[in-house]
Structure formats: C-alpha cells, structure tokens
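Using this note's numbering, read the sequence shown as starting at 56 and increasing by one per residue.
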Amino acid sequence: MPYDQCVRRTMARLSGISTYGLRDCQITDEAQLKSLSKAATFCQKFPYEFEVVDIPRGVTVRTIEERYLEAVANGRAPDVVVIDYLGLMEVEGHLGIDDWLKLGHIAGQLHEFSRTYNVIVLTAVQLNRPKGKGPDEIIGLHRIGRSSLIMHHATVGIQIETRVDEETFDDMPYHIIKNRNGERGNHLLKKNFRSATVIDREPYVPIQDDGVGSFANVTLKMEDISAQLDDHGWNK
Numbered sequence: 056m057p058y059d060q061c062v063r064r065t066m067a068r069l070s071g072i073s074t075y076g077l078r079d080c081q082i083t084d085e086a087q088l089k090s091l092s093k094a095a096t097f098c099q100k101f102p103y104e105f106e107v108v109d110i111p112r113g114v115t116v117r118t119i120e121e122r123y124l125e126a127v128a129n130g131r132a133p134d135v136v137v138i139d140y141l142g143l144m145e146v147e148g149h150l151g152i153d154d155w156l157k158l159g160h161i162a163g164q165l166h167e168f169s170r171t172y173n174v175i176v177l178t179a180v181q182l183n184r185p186k187g188k189g190p191d192e193i194i195g196l197h198r199i200g201r202s203s204l205i206m207h208h209a210t211v212g213i214q215i216e217t218r219v220d221e222e223t224f225d226d227m228p229y230h231i232i233k234n235r236n237g238e239r240g241n242h243l244l245k246k247n248f249r250s251a252t253v254i255d256r257e258p259y260v261p262i263q264d265d266g267v268g269s270f271a272n273v274t275l276k277m278e279d280i281s282a283q284l285d286d287h288g289w290n291k
C-alpha cells in the first residue's frame, strides 16, 4: 500500500472521518476538525511508529530481511513485519518451479525469518472458491488458495468469512482455522470501511470443546515453584 493511502486510512481510523472526506479535504464541521486535530496530536505523542516500504512485485524474503536489518541498524527494530501480500513474492534462484511449491517455499522462508529474529510476520493469501454452501465447505484450511503448504508453515491462520451481499452487513465474522498455541474458534467484528475501522463487537469467548479434548474448562491448582527455580539459578 502506498504511503499516502496508509496515512489517510490511519487518520480516518483515529478521527472517525471518512477516508474520502480526508482525500477530498471535505471536513464538514468544527467537530470533525477537532477530531482530526486530536488524531494528529495522538500520532505525535504515541511512542510507536511504522514504516511503509514500497517494494515492487517479485520481492524475495532476502530483500525483506535486508530491509529489516537496515531498520535495526538505524535503531528502530520492528516488532511486526506486514507483507502485502505473499502471492506477489518470488523465490530467489528457483525460476520455473510450480506455483504451489514456490508459495510453500516462500511461506517456509518467512517462518524461518520470523523465528530467527523473533519478529511477528503478518501476510494475506487468496482463498479458493468453496465447493458447496455448507459451513464445513466454506470455512477451513482447504480454502487456502494455490498451495496447502502455506498453512503448514503458519502459526496462526485466520479466515474472514464472505457472505452473499457482504457489503450490506455491518459486521465481519472471522474464523481462527489454525492456532498452534491456543484455541480455534470464531468471532464477530464491527466494520466501517468508510473510516477504515474494524473493532470488537462483543467479547471473545473461546470454544469449549474441540472434539478431541480441550483444556478450556480445566481448573488446576498450580503450585508456585518460583522459589525452587531461584535456588537453581533459573531466573538469574
């Protein structure tokens, strides 16, 4: 996403003003102007920042790693790296390989990059068309398009549900279809794309049973062993 579009959407989200209003400089009243001023002040005072790196189609994981290390060398080590999106990337030195194998290789390299530098990597992938209208056919790992190897390397997989006449709904259901370190499940978000806003609609409630035995309902009395760990020098 180009820098100017990213800034516009960020300011729309913080101020609640339409992205089109910001684009066309159509601030309709004093309240909107005050809200925009508060958003600008917040950006100046907030201790975190993000950098938009506009790289053309065909970028490799090595290029992303070089940009990451450049940011670290300049004293601003990123906590999160967002790639828009995986399907536009290429594999260095592997020209002519099948598309599914290429995407799986890229996903594996991104996983290694994430673990090596202990940084969160977020990206998006395409979905296949569902074979039917049933819930099991619409939602699941089988919907991940072009390569099943992508999700093999992912730690968490989230699928946004798309319904008929989706633009008429003010909510956005999503499903956690893979989670190595926690529960799977689903949740509803409230969306307002005019102001680039997606927020919680209701508290998240983890699933109670995954069909193979869940720890969600288990109550255990945990013993505090921190003193014993200190004796062995674990926390030093």
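Positions of the beta carbon are idealized from the N, C-alpha and C atoms, including for glycine. Note that the structure is predicted; figures quoted are calculated from it, not measured.
Worksheet entry | Lys157 classed as buried or exposed, judged by whether at least 16 other C-beta atoms fall within 10 angstroms | buried
Practice prompt. Would you mind working out which of Glu85, Tyr58 and Lys93 sits nearest Ser70, comparing C-alpha positions?
Written response: Lys93
Worksheet item: Since Tyr172 sits in a beta bridge, which residues does DSSP pair it with?
Response: Looking at the DSSP assignment, Tyr172 forms no beta bridge with any residue, so it has no partner.
Worksheet item: Between the Cα of Thr65 and the Cα atoms of Lys100, Asp279, Cys80 and Thr252, which residue gives the shortest distance?
Response: Thr252
Discussion item. Contact between the segment 232–240 and the segment 206–215 is defined here as three or more beta-carbon pairs at a separation below 8 Å; is this criterion met?
Written reply: Under the 8 Å Cβ criterion, the segment 232–240 counts as touching the segment 206–215, having at least three qualifying pairs.
Practice prompt. State yes or no: is the C-beta of Asn241 within less than 9 Å of the C-beta of Asp225?
Written response: no
Fill in: Other residues of its chain near Arg63: CB distance less than 7 Å, five sequence neighbours each side excluded
Thr74, Leu77 and Arg78
Item to complete: Provide the residue span of the beta strand (DSSP E) that contains Gly212, from first to last.
Response: Val211 to Ile215
Practice prompt. Count the other CB atoms, across all protein chains shown, that sit within 10 Å of the CB of Gln283; report buried if there are 16 or more and exposed otherwise.
Written response: Its Cβ having fewer than 16 others within 10 Å, Gln283 is exposed.
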